[in-house]
Each structure stands twice: as C-alpha cells, then as structure tokens.
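FYI, the numbering for the sequence shown is -1 to 677, going by this note's numbering.
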Amino acid sequence: MAEPSAPTRGVREIENTWIPLSDGTRLAARIWMPEDALQEPVPAVLEYLPYRKSDGTALADLGRHPYFAEHGYAAVRVDLRGTGDSDGLLRGEYLPQEQEDALEVLAWLERQPWCTGAAGMIGYSWGGFNGLQIAARRPRQLKAVITIASTDDRYLDDCHYMGGCLLGSDMLKWSASMLTYALQPPDPRHAGAEWREKWLERLQNAPELARDWISHQLRDDFWKHGSVAEDYSSIECPVMVVGGWADAYTNSVPRLIEHLEVPRLGLIGPWGHMMPHEGVPGPAIGFLREAVRWWDEWLKGVDTGVMDEPLLRVWMQDYVPPARFYDSRPGRWISENTWPPSEATPVHLRLQGGGDLSLEGGAQAPVAAAGTQGSPARVRIRGMQECGETAGVWCANGFADEMPADQDPDDRLSLCFTTGPLDDPLEVLGHPKVRLRLSSDRPRALVAARLEDVAPDGSSLLVSWGMLNLTHREGHGRARPLEPGREYEVQVECRVCGHRFEGGHRIRLALSPTYWPHAWPSPRPASLEIAIDGPSVLLLPVRQGAPSSPLGPPEKSGPRDAERHDERSRLIRVDPEIRRHEIIDSERHEQIVPGSGAIYSEVATDVYSIVEDDPLSATVRCVRETSSVGGAASWRVSLASEMTCDVDSFRVREDYAVFEGDTRIYANTRGYTIPREGV
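The following block contains the structure:
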C-alpha cells in the first residue's frame, strides 16, 4: 500500500477570492494551496456548497482543506450562487443553474497559474450530490470525485420521500433549515458596501422549497433531474463513494458500486452524516489519507495502489444494547470484490401463525407461490398513530438522542414475527426485503417493515427498516388507489445494512400500517390483513465477507473541538387525556468563527405531534433561529414553519423575521395548500 504524497513546506490561505461567471455573477471562494504553487502548479480539489464558507462551515473546512494543501493540492471551497458571500439568488435545490455555474468554476480553476488544470470534487451531503451531478456533465477538468453521504436517486433516497411515503420527519425540517440559510446575509468583509442591498434581494426572493418538494409527490421529471441513476453511464471519471450505517444515504453506495462503469471504490463505516475522519459512532478512520491517495492516483498520475483495494470495504456491525447514542459501534472491517457479492446466500424466512419466523425448507427454499400450500392464514393489524416513536432520527449527525431506542414499545403496536434462538451467528450484508400478500380496508394505506436483533434478555435492536406507500405498489410514477379487501403482492425494500446476529439471538420482523413521524400518515386509520403460512416472506442477504485491513486512525486537523459547542436532546411527551403524542427535538450549535471572531449560532426545535386515532391531527412545527454576533455585522434570522393536512391537501405556513442588530429589517408570512396525490 503506497503512502500519499509527502506534505509540502507550508500552506498559503486566501480567505476570499471572486470567481466571475459569464452572466456577471461572482461566486466567493476560500482557497488553501501550497506556498510554492505558482512555481510548481498543483491540481485543485473543489468543494461546492450553500452552507457559508465564512461562518457556517468555517471550522469544519479547517479540518480537511489545509490537509489537502499540505499534500500538494489547491483546496477550493466555493459558496453556491445566492448563499454565503456569493452574488445572486438561491432558487432551489440542485437546479441546472448550479451545475452550469460549477462548469464555469472548473474552467476558471483550469486557467489559474497555480493549477495544473486537473481537478477533483469532494463533499458530503449537498457537496456529495452535486459532485455526482457535475461528473455526469463530463467537464474535461474533472478527473475524479469523492462523494460522501449522497444519493444517486433524489426521489428514492433523499429527505423528501421514502418508498413513496412523504417523510414527515424530514420534509419540513429540511425546508426550514435551507430557507434559514437562504435568508442569511453575505459577510460585509467580503461583499463590501453593497452587502445590505444583496441581503435585501435575498429576503425578497426567498425560495419556496417546501412548496416545490411537496408539490411533486411522484417520481417525476422534477426528481429525475440531478438523479444520476437515470443514466449511470453519463459519469466517466473515477468515483469513490462513501457512506455510514447511521447515515440516511447509504443505500446509494451499493447501487453506485454496481452500476457505475468507471474505476470506483466503496466504503461504509458505522458513522452518521459526516466525514469519516470525524465519524460518530466510531471508529473514525484516517480518511483524509485515503482521499489523498485517491487524488494522487487520478489527479497526479501516481501509482498509489489505491485501486488494489477491495471494491467495497464495510464495517460489519456486531450487536450492541439499544441506546440513543453510541460513541462507537463494535464490529470489524470486511471486504467484497464484487457487487452483488458472488457468494451471497439469500435466506428466506416465512411469516407464520403464532408470530413465528421460520426457515422451513432450508436456507435457499423458494418463496411459495400463491395457492401451492393450501389456503394461507391471515392476520390483521390496525394502524396506531403513535407507532414510530422508537425509530430515532431519519439521519443521524453524531449527536445525542439520535439513534433508535429499544423497539419494544413499537413492537407492541405492530405485527411481529420472530425466529427461535439462532444456533450459529448469521451475517447480513445488503438490502433486506419483505414480500407480502396483503389487503387494506382503505384506498390509501402504507406498510412499514422493521428488521430487529432480539437479545436473550428481550431487548430489541433496530437493524434496518423500510416503508412503502401502497398506492405506489406498481412503481413511483403513478399513485393507484387500493381496492379495499382486494389482495395485492407487494415488496418493501429495507435500508441496506451490515449486521452480525449472534448465536442465541433471535431475528424479528415487525410490520405496521403507520410509522410516525417518518411516514406522514394515511388520511384515515387503516387496517392491513397479511396472508401468512406461505405467501409472505422476509429475504435476508446473508454473507460473510473476507476480512479487510483496518483503515488507520483519524487525522487530527484544525481547531474544531476547541471552538465549537453542540447540544441535542429528544423528549417524548404524551397527554393521556386527549391521547396526543409529541416528539420534541432540540438542537443548539455554536462556534467561534476563525478570522472574524464572530459567534455563529444555530438553534432548532422540531415538534412532531399526533393524536391517536386521528391521522389528520398530524402536525410538524419547525422553529429556527440563526445569528452572528461580534463580527463585521450582527444579525439574526428567526423562522417558524408548520405543516398540517386534511383528507385532500397538505398545508404549510412559513413565518420569518430578519434582524440587523436589534432592528427588524424584514418579515414575511406565506402559506401553501397542496393537493395530496395518493399520500
């Protein structure tokens, strides 16, 4: 295994520089490069984000970009149009304009005297998304991509919908957070005397994100744009794709590894939505070293041996008692050189009477066809609106109270099927799938499935889960109402997982017609009837991957821990008189901004409320307050968003106010009513 290129003697930092675009707009960039880059030009590594280079990501950027510069790269952090210090307006998420601007940024980098003309892109979340999207545009300067915590399909695997179900836990939450970013001002230190005028233009043209996303409840052209799954062959440069088991975007890792036709590597660790060298739950890894090896190979033409690594390296997780936070997850690194694994063993577990989950007929027995085993039995489950309170957050970020709790409270509200104690360990790697024959008493209904590891003491750990809007049983392009009482064959694909069930443990499948707040509930309480003793089955992708060598300890770079403070808590509150259940998530993040000394803080409260037996009572309320105090300007953005529904429509209301110092300079209230389409 070759080491990455040696560090240079020093790093030059340019706090702000302007990248001019053809329409007169300027994008703001912060750059780190070797001191001698003008004498010996270097490749560029681009990160392209809306999250404010001068305050929002300032500390985090110091944790990786100077490292790249020390190892012979120009690390370039650019604010998207209409965000941070850049000119223009943010009109929406992953729009064509964003990609067009990026192509101009890459062309600008190629022209700089300190750049060799070769560039790579790196990013997680938004920056991981647009790295793939821009690679699909095939700019000649872009030689390689590292995409982390991203997706190849914006409808199937993003914070808006899952299995055709509207994500009550994250749809409004994310629109509120992104709207708050769009309302924040440029930094006067960089934007100059016109900073207030630019700020006011942003306030008067704030994007209508919630309306955009909720208006597209099917997988239409809106979501196909920016989804590289539409044409994997459009990507022609090498791709490293990285995910974490506690993150929400890991499904894309095996899909990209399977379908891309370029040199590629995959990596899945135990961490949440973050860079792997900062990964929580741990173990975090020496990811920056791996990134430099990747860049050396593809941007400098150095044979680092990186492509001798396994196609996919995975942290196979061991059982751990359920808890809402883990510093670290026990397990071991394994590897696969093909995907799907060439030696994978599909195990079929049949749903049977008495709540049994059985291996009748052997591990590879085919699923029984309808009518081949006599008349199957049927079991019925009525949806309880509170089911889902143990799920944890949809996407963990390494903070307190995010992980799933013991599943017992939700199991009591679900149909559960459980094996006997396992004689031997069993390792699952891939997507668990649930094939069901079922009927509903309502034309609109959903089904949620949970795979659990039940320990000898009875505690139940959530391993994977999935859900399906049953009006999407024939695909996500059209909603087809159910005929009450009619049986349908459906499949629920659960989130990809890597988990070792120990001997003596039991495997459980839990099914429910509700999963609040992840799934926005069906408009009427629904009951499902599941056909068992033959037609319904759980398919587990059982695999024992080859051992893989550890990836080394994480790099320590930048002052993030010393100058940042994070708090998070989750409270579940029940009013027994009216049977209202509330989940209250509270967060506070504060950092001292390097360079300006400003205190930049973000405070968020998300409340998910529902009354038992009344799915139309479902309400999500998101409150945001972001402020900057003590820098070139002091300001504050306050926002409250609320989402409710009736049988036919979703309703969203947004109230926001913006302050310079203590003076309110702008306020607005707006609302949307959006028809429900099969949801």
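In this text, a Cβ means the ideal position worked out from N, Cα and C, and glycines have one as well. Computed from a predicted structure; not experimentally measured.
> Distance, Cα to Cα, Val278 vs Tyr324?
Replying inline: 8 Å
>> Less than 6 Å between C-beta atoms, sequence neighbours within five positions excluded: which residues of the same chain meet that for His587?
In response: Asp564, Glu600
> With contact counted as at least three CB pairs below 8 Å, one residue from each stretch, are the region 378 to 395 and the region 239 to 247 in contact?
Replying inline: yes
> Which whole-angstrom value is the C-beta distance of Arg649 and Thr671, which I expect to be below 8 Å?
Replying inline: 5 Å
>> Taking a contact to mean a Cβ-Cβ separation below 8 Å, would you say Lys196 touches Ala204 in this structure?
In response: Here Lys196 is not near Ala204, since their CB atoms are 8 Å or more apart.
> For Thr617, which residues does DSSP report across the bridge?
Replying inline: Thr617 is bridged to Ser607.
> With distances taken from CA atoms, which of Glu206, Thr145, Arg138, Trp293 is nearest Met169?
Replying inline: Glu206
>> Measuring only the C-alpha atoms, how far is Leu101 from Arg79?
In response: Looking at the backbone, the Cα of Leu101 and that of Arg79 are separated by about 13 Å.
> What residue ranges within the region 108 to 173 form continuous alpha helix (DSSP H) runs of no fewer than 4 residues, ordered along the chain?
Replying inline: Within the region 108 to 173, the complete alpha helix (DSSP H) runs of at least 4 residues are 124 to 133.
> Taking the alpha carbon of Arg440 as the point to measure from, which residue in Pro519, His275, Val103 has its own alpha carbon closest?
Replying inline: Nearest C-alpha to Arg440: Pro519.
> Is the region 510 to 525 in contact with the region 443 to 460, if contact means three or more CB pairs nearer than 8 Å?
Replying inline: Between the region 510 to 525 and the region 443 to 460 there are three or more inter-stretch CB-CB distances shorter than 8 Å, so the stretches are counted as touching.
> Taking the alpha helix (DSSP H) that Tyr65 falls in, what are its first and last residues?
Replying inline: 63 to 68
> Would Ala142 pass as a contact of Trp293 if the rule is Cβ separation under 8 Å?
Replying inline: yes
> Does the distance from the C-beta atom of Trp33 to that of Arg62 stay below 8 Å?
Replying inline: Trp is not the amino acid found at residue 33; the sequence shown has Glu there. No; because the gap between Cβ atoms is not below 8 Å, this pair is not in contact.
>> Is it buried or exposed, Gln131, if we count other Cβ atoms within 10 angstroms and call 16 or more buried?
In response: buried
>> Spatial neighbours of Met176 within its chain, please: C-beta separation below 6 Å, excluding the five flanking residues on both sides.
In response: Leu207
> Nearest CA to the CA of Val628: which residue from Tyr654, Ile590, Arg577, Gly161?
Replying inline: According to the sequence provided, residue 628 is Gly. The question's Val does not apply to it. Nearest C-alpha to Gly628: Ile590.
>> DSSP three-state label for Val290, please.
In response: DSSP places Val290 in helix when its eight states are reduced to three.
>> In whole angstroms, give me the CA-to-CA distance for Asp354 and Pro419.
In response: The alpha-carbon atoms of Asp354 and Pro419 are separated by roughly 12 Å.
> Taking all protein chains shown into account, do 16 or more other C-beta atoms lie within 10 angstroms of the C-beta of Asn335, making it buried, or fewer, making it exposed?
Replying inline: exposed
>> So, does the region 264 to 272 touch the region 522 to 533, judging by three or more C-beta pairs under 8 Å?
In response: no
>> What would DSSP say about Lys554, mapped onto helix, strand or coil?
In response: coil
> Tell me the DSSP bridge mates of Arg649?
Replying inline: Thr642, Thr671
>> As a quick exercise: from Arg478, Thr417, Leu349, Leu459, pick the residue whose alpha carbon is nearest that of Leu434.
In response: Taking only the C-alpha atoms, the option nearest Leu434 is Leu349.
> Would you say Ala477 touches the ligand MG, meaning its beta carbon is less than 7 Å from a heavy atom?
Replying inline: This structure lacks the ligand MG; in fact it carries no ligand of any kind.
>> Can you give me the C-alpha to C-alpha distance between Ala361 and Leu427, rounded to a whole angstrom?
In response: Legend: pLDDT at Ala361 = 40, less than 50; position of this residue unreliable, no value from coordinates given.
>> On a Cα-Cα basis, can you pick out the residue from Arg498, Val621, Val645 that is closest to Pro523?
In response: Val645
> Cα separation between Pro574 and Glu487?
Replying inline: Each residue's Cα considered, the two are about 38 Å apart.
> Three-state secondary structure (DSSP) at Asn14?
Replying inline: strand
>> As a quick exercise: from Asp156, Arg217, Arg24, pick the residue whose alpha carbon is nearest that of Arg476.
In response: Arg217
> In chain order, what residues of the same chain have a beta carbon less than 6 Å from the beta carbon of Ala366, not counting five sequence neighbours either side?
Replying inline: Bear in mind that the predicted position of Ala366 carries a pLDDT of just 39, short of 50, making it unreliable; the figure below should be weighed with that in mind. Contacts found: Gly532.
>> If contact is defined by three or more beta carbon pairs under 8 Å, each pair taking one atom from either stretch, is the region 151 to 168 in contact with the region 465 to 476?
In response: With a cut-off of 8 Å, the region 151 to 168 and the region 465 to 476 count as touching, because enough Cβ pairs lie within range.
>> I need the DSSP call for Phe220, collapsed to helix, strand or coil.
In response: helix
>> Let me check one thing: in DSSP terms, what residues is Asn666 bridge-paired to?
In response: DSSP, once it has assigned bridges, lists Tyr654 as partnering Asn666.
> Nearest-angstrom Cα distance between Cys235 and Asp99?
Replying inline: 19 Å
>> Cutting at 6 Å between CB atoms, please list the residues of its own chain near Thr417, excluding the five before and the five after it.
In response: Leu355, Arg504, Ile505
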